[in-house]
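Residue numbers (this note's numbering), protein chains in the order written: chain G, 1 to 109; chain U, 1001 to 1883.
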């Protein structure tokens, strides 16, 4: 706990949905992408990533398809569904509200 | 549409779990390989790259589980897994599994069978529309001396005319007819009901074919009509619809078949073959008198009228009748029963007693399995401790154990259901006199009950040992496994407690069984007042159509008796309308000519029998005084009467009865005077009822057409059945005979209920005794095994073999003794409920209680002896080395 790479509770879903909003990716790519974009600040543990992916799939927000990866191996590619897009908007909005509120308090001090 | 997608995912995850599982593995492996590739690219060696990747990856198994949990159904999955493990564990100890499943099968099977019986016969409503408003009405006594008397035709007529509580009311009674065809078809005696036309309306039954009775058919002047039951129509007429309008012969008189009842209609029981119209069959005189009690009354309550209101109304009408007729056997009140209660209250108590007994048996079975499981738990303590140490939660471990016992009880219950089915088939075949027999089915309710019982048993048997194993002492358990005695003490205590309970329940069952067996024995040895050995009986019914007057009847009787007496191996033959043990047939009121008139409202009554002069000699009913009928006391001169000893004691108070006169209306509407010519010994109508006053009138008076023929033989009476039947057939080939039985069978039939209950209860008792013995043996063997070292040391230090035996015996017998006392105390409380099923046996019969105690102690000692003996044979060196 307390490590910088720990994600704020509940934000992993948002990150995954956001990452998938541009293109379909497999698990490894999702983790890498989050790591790169955040400038290595956010480290997604496999222990949270895969359960989260499967949960989102169960919710119907993302769907999975087996396809050939860059290295030529079969990999499971996730992409957003229409419902997932709506969810992404909802979560983005609520994140902005939350982070904005936190910013207000932090900058006030 | 998201919920649809979600549902699809759910279903997919349920059915394609294996595929999804391997895909998950692939997905994770792909991730791992990517990580390795990246590490390699970063310049690590192959092995380093792999190790680093695995380190970063964490525990793949745990990760897989976490991912799987998001799929849903993981609860189901883990229960299934536990079930699989449980089944595998049980298969590894097939002996234990077989015993446990067998025990459960017997317990659950017996319970399901009895429950089905109680549910179908006692609880399930009749299949009539609005059955909750159907009642039977009885005559009763305002002072409460009786309340279920059958009804006189005149009383019914008044009730029907005056009461306002009922929509409709019908009257019926049972009857027997000789059924034959107009073309000389084989005759048979058919059980029938004769009813007023409204009954079918009240019960809401529609004909399957043709029509049912109308008011027009139900008059003395009407053409004779008959309605067939579905069973008779199928059996005798091959289900041919052309039977409608055809003529059949009932008692040699032509009846037109007007309709067929539907197959579901088997009221009042499935033995009824046909129905006739009551007011056509019975004389207007009989249907208007208030003294002749002959009939059953069925009525439908008006909506909104309660039973109590209706009973009060009919009672007041009946009381009014009594005020108008202060003399004679007329009752002064009425009683209502719901129709279901009325039809089944004869078997209610014994069914509930048996259900309670099977409940006890099942509880014993459960305790026994719990006991066996406690032993297994003890043996598996190390396994449990390791599982706990590895992070198995307590709830998870308890669940695993409970699932194991549920697997046992479900397997047992499945077999039990089959046993129950077989038992019910057997019961239906062997006990045709049980009311509503045709309603007995294993239906959804029964299956639900069976499943409930299985799960409950599984829970009880599984939770007791599971909760007893505490995870607070893992370390102790792990260390303990190095030594073979010590810590299991709480387990031993628990097992002893279970055993005591088991023995206690067994004692209750045995005492109940003992009381019934004693009752049955008492009933069997009851002196019926005659010699029942080597007597053949059969009943006849001479139809009015062929035997039109007294002279024809008497001449038939004379010829029949003559020809039967000439058969070889026949020592005597007689006729009577009521055989000992046949149950109550008829009674009449009378006055004694020489006595002053009785005060208003008082009557003398006695059971009425018609017999021929040789009946008494044939049955070896002793003649105590005077003579029986003379040969010429027949037809118009049949003015003699023979009375039994009980009648003399009840009504003559030391006077000499011979030559006195009995005035009664037994064959005529007007009182007729009969001279008492003799006194005979008492016989019993039923082994369980006390002797009652009875009088015998000459059957050769010619008034009776349905007697029983009795034939005393020199050897097995049933071998003479055919020769006698041939004589009857040669005299009248349309005359069927029925109830061809030996006198022993007649007498025994009346106690078949008791015999049945006693046999079943004794069976349950024996079974539970066996279970308790097995339990005792198991516990003691276990204790001995646990104390091997201790006993070895004792022997090494010089303890005598006898001392060791005593030590172990006292260990095993103590729970048995506690259980015995517990059981005796409980029996003393419970058996009082059985009192009304007992005959000449007290609920606290000391002999039964002592005998049960002795049997139990003997069996318990035997069960303990082997482990004790084994302990005393221990070689101390061996015992110490087993460490």
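Note that beta-carbon positions come from the ideal geometry of N, C-alpha and C, so glycine has one too.
| Asked | Found |
| --- | --- |
| Beta-carbon proximity list for residue 1879/U, same chain, < 7 Å, skipping 5 on both sides | 1788, 1789, 1791, 1792 |
| Under 9 Å between C-beta atoms of residue 1406/U and residue 1458/U | yes |
| Cβ pair count under 8 Å reaching 3, the stretch 1403-1422 of chain U against the stretch 1314-1334 of chain U | no |
| Cβ of residue 39/G within 9 Å of any chain U Cβ | no |
| Three or more C-beta pairs below 8 Å linking the stretch 1615-1633 of chain U and the stretch 1672-1682 of chain U | yes |
| Within 9 Å, strictly: CB atoms of residue 1743/U and residue 1619/U | yes |
| Chain-ordered chain U contacts of residue 76/G [CB-CB under 8 Å] | 1023, 1026, 1027, 1030 |
| Reduced DSSP secondary structure (H/G/I, E/B, other) of residue 1221/U | coil |
| Contact set for residue 1409/U: own chain, Cβ-Cβ below 6 Å, skip 5 residues either direction | 1104, 1454, 1457, 1458 |
| CB contact below 9 Å: residue 1807/U versus chain G | no |
| Reference residue 1584/U; option with closest CA among 1597/U, 1600/U, 1607/U | 1607/U |
| Residue 1867/U classed as buried or exposed, judged by whether at least 16 other C-beta atoms fall within 10 angstroms | buried |
| CB contact flag (residue 1298/U, residue 1135/U, <9 Å) | yes |
| Beta-bridge pairing of residue 1436/U - partner residues as DSSP gives them | Answer is none; residue 1436/U lacks a bridge partner. |
| Enclosing beta strand (DSSP E) for residue 1904/U [first to last residue] | Residue 1904/U lies beyond the stretch modelled for chain U, which goes from 1001 to 1883, so this question has no answer here. |
| Residue 1482/U, buried or exposed, once every other Cβ within 10 Å from all chains shown has been counted against 16 | Legend: pLDDT at residue 1482/U = 45, less than 50; position of this residue unreliable, no value from coordinates given. |
| Distance between residue 1674/U and residue 1604/U (C-alpha atoms, nearest Å) | 15 Å |
| Residue 40/G versus residue 1394/U: straight-line alpha-carbon distance, rounded | 42 Å |
| Neighbourhood of residue 1628/U by C-beta, 6 Å cutoff - its chain only, sequence neighbours within 5 removed | 1613, 1616, 1642, 1678 |
| Cutoff 8 Å; reference residue 1485/U; Cβ partners in own chain excluding five residues on either side | Interpretation of residue 1485/U is limited by its pLDDT of 45, a score under 50 that renders its predicted location unreliable; the figure taken from the coordinates is listed afterwards. Excluding positions up to five away in sequence, the list reads 1786, 1787, 1788, 1789, 1790. |
| Proximity below 9 Å, CB of residue 1317/U to CB of residue 1290/U | no |
| The stretch 1524-1533 of chain U contacting the stretch 1793-1809 of chain U, beta-carbon criterion three pairs below 8 Å | no |
| Three-state secondary structure (DSSP) of residue 1797/U | coil |
| Rounded Cβ spacing between residue 1540/U and residue 1709/U (contact assumed at less than 8 Å) | 6 Å |
| Extent of the continuous alpha helix (DSSP H) to which residue 1018/U belongs | 1017-1041 |
| Residues, ordered as in the chain, of the stretch 6-33 of chain G that lie near chain U by beta-carbon distance below 9 Å | 26, 27, 28, 29, 31, 32 |
| C-alpha distance - residue 1141/U paired with residue 1150/U, whole-angstrom precision | 12 Å |
| 9 Å Cβ cutoff, residue 1054/U in contact with chain G | no |
| Under 9 Å by beta carbon: chain U residues contacting residue 97/G | By Cβ distance, chain U contributes nothing, its closest Cβ being about 24 Å from residue 97/G, past 9 Å. |
| Between the CA atoms of residue 1380/U and residue 1487/U - distance to the nearest angstrom | With a pLDDT of only 46 at residue 1487/U, under 50, the local geometry of the prediction cannot be trusted, and the value read off the model is given with reservation. Cα to Cα, residue 1487/U sits roughly 13 Å from residue 1380/U. |
| Beta-carbon spacing of residue 1697/U, residue 1667/U below 9 Å | yes |
| Alpha-carbon spacing of residue 1187/U relative to residue 1139/U, whole angstroms | 37 Å |
| Complete runs of the alpha helix (DSSP H) confined to the stretch 1328-1403 of chain U [at least 4 residues] | 1339-1344, 1348-1379, 1381-1389 |
| Segment limits, alpha helix (DSSP H) that includes residue 1051/U | 1046-1057 |
| Cβ neighbour criterion (16 or more within 10 Å) applied to residue 1155/U | buried |
| Burial state of residue 1242/U, where buried means 16 or more other Cβ atoms lie within 10 Å | exposed |
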